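**Q** The structure that follows is given in the form of structure tokens.
In mature numbering (1 follows the signal peptide of the UniProt record, and there is no 0), the protein residues as written are -18 to -1, 1 to 306.
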């Protein structure tokens, strides 16, 4: 509570006109850094009545009180949040430096040193502390790999030369189809650092990762240009595109058409054959009808055996004679 009250009092009476330009200082993660106080502030150390302070200002946060001198500059008091071996001071007649050991991401910000006087606080030039970007040599390549005659896949190969960035990373796959204006994400790998191999024999640590896109390419709509992107070490690297052409399988279409044509031909031939058979049968019947002879037969009546008269029907009998 006291540190917040002290901070409020200091910035109510701060002389903003004395704040000079912000200097930029970079440091590699995990190393130590010494942030120097401005010479105009260090010169005030000759006056034993003045106290000296360090403040940190982070983006989006209120200024944080780090430490101040006490008892004529012979002792130092750190705020509770900074009361550890992570922070220290280096003091002499010509310097009043803030030492940060094992720099981490939380230490990024702007640091100010100042002099507490009777009429307010006079700040020197601020120092913006940033991470020094590590120069990483990236090689990312996407290519079509044929596992066998019937199976192929898109493969993404990543090779990086780095000393400290060997943590988790993610892989994203994009496909740009012929009918789409922008590539779309089709697959995402989470933490795939387990698929990487590290080689330290070359001097600088080199790690190589190989990723396969778990996808089949059997449909015509699977064609397009495939890309892979790797997010690691605070960067996103895009690989080159690999074009995949999937030929449309027309064998079943040809087979279906051939079957339909065969059925039509068989139906037509069957109809013609049936019609021809009917025609031949009709001609055969007509020819047989022309060769028939008709003969009239008359049968003699038997003498009457009784007195009863019997009337015989007069009938014609036809006989069919086939001429050989």
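Idealized CB from N, CA, C, for every residue including glycine.
Owing to the predicted nature of the structure, the values given are computational and were not obtained by experimental measurement.
Using CA atoms only, rank isn't needed, just tell me which of 167, 214 and 107 is closest to residue 152.
**A** To locate residue 152, count along the chain shown from 1; it is residue 170. Closest by alpha carbon: 214.
**Q** Quick check on the burial criterion: 16 or more other C-beta atoms within 10 angstroms. Buried or exposed for residue 206?
**A** In the chain shown, counting from the first residue as 1, residue 206 sits at position 224. Answer is buried; the Cβ neighbour count reaches 16.
**Q** Rounded to whole angstroms, what's the CA-CA distance from residue -8 to residue 20? Just pull it up for me.
**A** To locate residue -8, count along the chain shown from 1; it is residue 11. To locate residue 20, count along the chain shown from 1; it is residue 38. Its pLDDT being 45, under 50, residue -8 is placed unreliably by the model, and the measurement read from it follows with that caveat. Near 19 Å, if we compare the C-alpha coordinates of residue 20 and residue -8.
**Q** Check each candidate in 4, 65, 9 and 34 and name the one with the smallest Cα separation from residue 107.
**A** Your numbering for residue 107 matches position 125 in the chain shown. If we check each option's Cα against that of residue 107, 4 comes out closest.
**Q** Residues in the same chain with beta-carbon distance under 7 Å from residue 73, minus the five sequence neighbours each way, listed in chain order, please.
**A** Position 91 of the chain shown, counted from the start, is the residue given in the question as residue 73. Excluding positions up to five away in sequence, the list is empty.
**Q** For the beta strand (DSSP E) holding residue 212, just list the boundary residues, first then last.
**A** Indexing the chain shown from 1 puts residue 212 at position 230. Its beta strand (DSSP E) spans residues 206 to 214.
**Q** Have a look at residue 81 and residue 59 and give me their C-alpha separation to the nearest angstrom.
**A** To locate residue 81, count along the chain shown from 1; it is residue 99. To locate residue 59, count along the chain shown from 1; it is residue 77. So the alpha carbons of these two residues sit roughly 15 Å apart.
**Q** What residues match up with residue 181 in a beta bridge as DSSP calls it?
**A** Here residue 181 refers to the residue found at position 199 of the chain shown. In DSSP, residue 181 forms a bridge with 188.
**Q** Use the C-beta contact count for residue 195: other C-beta atoms within 10 angstroms, 16 or more gives buried, fewer gives exposed.
**A** Position 213 of the chain shown holds residue 195. Label assigned to residue 195: buried.
**Q** Within 10 Å of its beta-carbon, does residue 87 have 16 or more other beta-carbons around it, so buried, or fewer, so exposed?
**A** Here residue 87 refers to the residue found at position 105 of the chain shown. Counting other Cβ atoms within 10 Å of its Cβ, residue 87 stays below 16 and is therefore classed as exposed.
**Q** Rounded to whole angstroms, what is the Cα-Cα separation between residue 63 and residue 223?
**A** As a first step, residue 63 is located in the chain shown; it is residue number 81 there, counting from the start. As a first step, residue 223 is located in the chain shown; it is residue number 241 there, counting from the start. The alpha-carbon of residue 63 is positioned some 50 Å away from that of residue 223.
**Q** Compute the Euclidean distance between the alpha carbons of residue 96 and residue 51, then round it to the nearest angstrom.
**A** Here residue 96 refers to the residue found at position 114 when the chain shown is read from its first residue. Here residue 51 refers to the residue found at position 69 when the chain shown is read from its first residue. Spanning the two alpha carbons is a distance of roughly 11 Å.
**Q** May I ask you to list the residues that DSSP assigns as paired with residue 75?
**A** The count along the chain shown starts at 1 and reaches residue 75 at position 93. Bridge partners of residue 75: none, in fact.
**Q** On the CB-based measure, 16 or more other CB atoms within 10 Å of its CB, does residue 84 come out buried or exposed?
**A** Here residue 84 refers to the residue found at position 102 when the chain shown is read from its first residue. It is exposed - the Cβ of residue 84 has fewer than 16 other Cβ atoms within 10 Å.
**Q** Pull up the CB-CB distance for residue 141 and residue 121, whole angstroms please, since I reckon it's below 8 Å.
**A** By one-based count along the chain shown, residue 141 stands at place 159. By one-based count along the chain shown, residue 121 stands at place 139. Indeed they touch by this definition, with Cβ atoms about 4 Å apart.
**Q** What residues match up with residue 46 in a beta bridge as DSSP calls it?
**A** As a first step, residue 46 must be located in the chain shown, where it is residue number 64. Paired residue(s): 38.
**Q** If you drop the 5 nearest sequence neighbours on each side, which residues of the same chain put their C-beta closer than 6 Å to that of residue 38?
**A** As a working note, residue 38 is residue 56 in the chain shown. Answer for residue 38: 46, 48, 91 and 93, listed in chain order.
**Q** At what residues does the beta strand (DSSP E) containing residue 17 begin and finish?
**A** In the chain shown, the residue the question calls residue 17 occupies position 35. Per DSSP, residue 17 belongs to the beta strand (DSSP E) from 15 to 17.
**Q** Starting from residue 5, trace the beta strand (DSSP E) in both directions and tell me its first and last residue.
**A** Translated into the one-based positions of the chain shown, residue 5 becomes position 23. Note, residue 5: beta strand (DSSP E), 5 to 9.
**Q** Between the alpha carbons of residue 154 and residue 210, how many angstroms are there, rounded?
**A** Locating residue 154 in the chain shown gives position 172, where the first residue counts as 1. Locating residue 210 in the chain shown gives position 228, where the first residue counts as 1. C-alpha separation (whole angstroms): 6 Å.
**Q** For the alpha helix (DSSP H) that contains residue 23, what are its first and last residues?
**A** Counted from its first residue, the chain shown places residue 23 at position 41. Residues 21 to 24.
**Q** Smallest Cα separation from residue 23: which of 220, 34, 30 and 109?
**A** Here residue 23 refers to the residue found at position 41 when the chain shown is read from its first residue. When each option's Cα is compared against that of residue 23, the closest is 34.
**Q** Quick check on the burial criterion: 16 or more other C-beta atoms within 10 angstroms. Buried or exposed for residue 31?
**A** Translated into positions along the chain shown, residue 31 becomes position 49. Label assigned to residue 31: exposed.
**Q** Could you tell me how far apart the beta carbons of residue 113 and residue 15 are, in whole angstroms, since I believe they sit closer than 8 Å?
**A** Position 131 of the chain shown, counted from the first residue, corresponds to residue 113. Position 33 of the chain shown, counted from the first residue, corresponds to residue 15. Going by Cβ atoms, the distance from residue 113 to residue 15 rounds to 11 Å, so no, they are not a contact pair.
**Q** Exposed or buried, which one is residue 191 when buried takes at least 16 other CB atoms within 10 Å?
**A** If you number the chain shown from 1, residue 191 lands on position 209. Answer is buried; the Cβ neighbour count reaches 16.
**Q** Leaving out five residues before and five after residue -2 in sequence, what residues of the same chain have Cβ atoms less than 8 Å from its Cβ?
**A** If you number the chain shown from 1, residue -2 lands on position 17. With a pLDDT of only 41 at residue -2, under the threshold of 50, the placement of this residue in the model should not be trusted, and no figure is reported.
**Q** Nearest to residue 135 by alpha carbon, out of 225, 236 and 100?
**A** By one-based count along the chain shown, residue 135 stands at place 153. Cα-wise, what sits closest to residue 135 is 225.
**Q** Can you tell me whether residue 17 is buried or exposed? The criterion is at least 16 other CB atoms within 10 Å of its CB, across all chains shown.
**A** Residue numbering aside, residue 17 sits at position 35 when the chain shown is read from its first letter. With 16 or more Cβ atoms within 10 Å of its Cβ, residue 17 is classed as buried.
**Q** Spatial neighbours of residue 76 within its chain, please: C-beta separation below 7 Å, excluding the five flanking residues on both sides.
**A** Sequence index remark: in the chain shown, residue 76 carries index 94 (1-based). Contacts found: 24.
**Q** According to DSSP, is residue 84 helix, strand or coil?
**A** In the chain shown, counting from the first residue as 1, residue 84 sits at position 102. In the three-state reduction of the DSSP assignment, residue 84 falls in the coil class.
**Q** Could you check what DSSP says for residue -15 in three-state terms: helix, strand or coil?
**A** Looking up residue -15 in the chain shown gives position 4. The predicted model places residue -15 with a pLDDT of 47, which falls under 50 and marks its position as unreliable; any figure quoted below should be read in that light. If DSSP states are grouped into helix, strand and coil, residue -15 belongs with the helices.
**Q** At which residues does the beta strand (DSSP E) containing residue 94 begin and terminate?
**A** Indexing the chain shown from 1 puts residue 94 at position 112. Per DSSP, residue 94 belongs to the beta strand (DSSP E) from 91 to 99.
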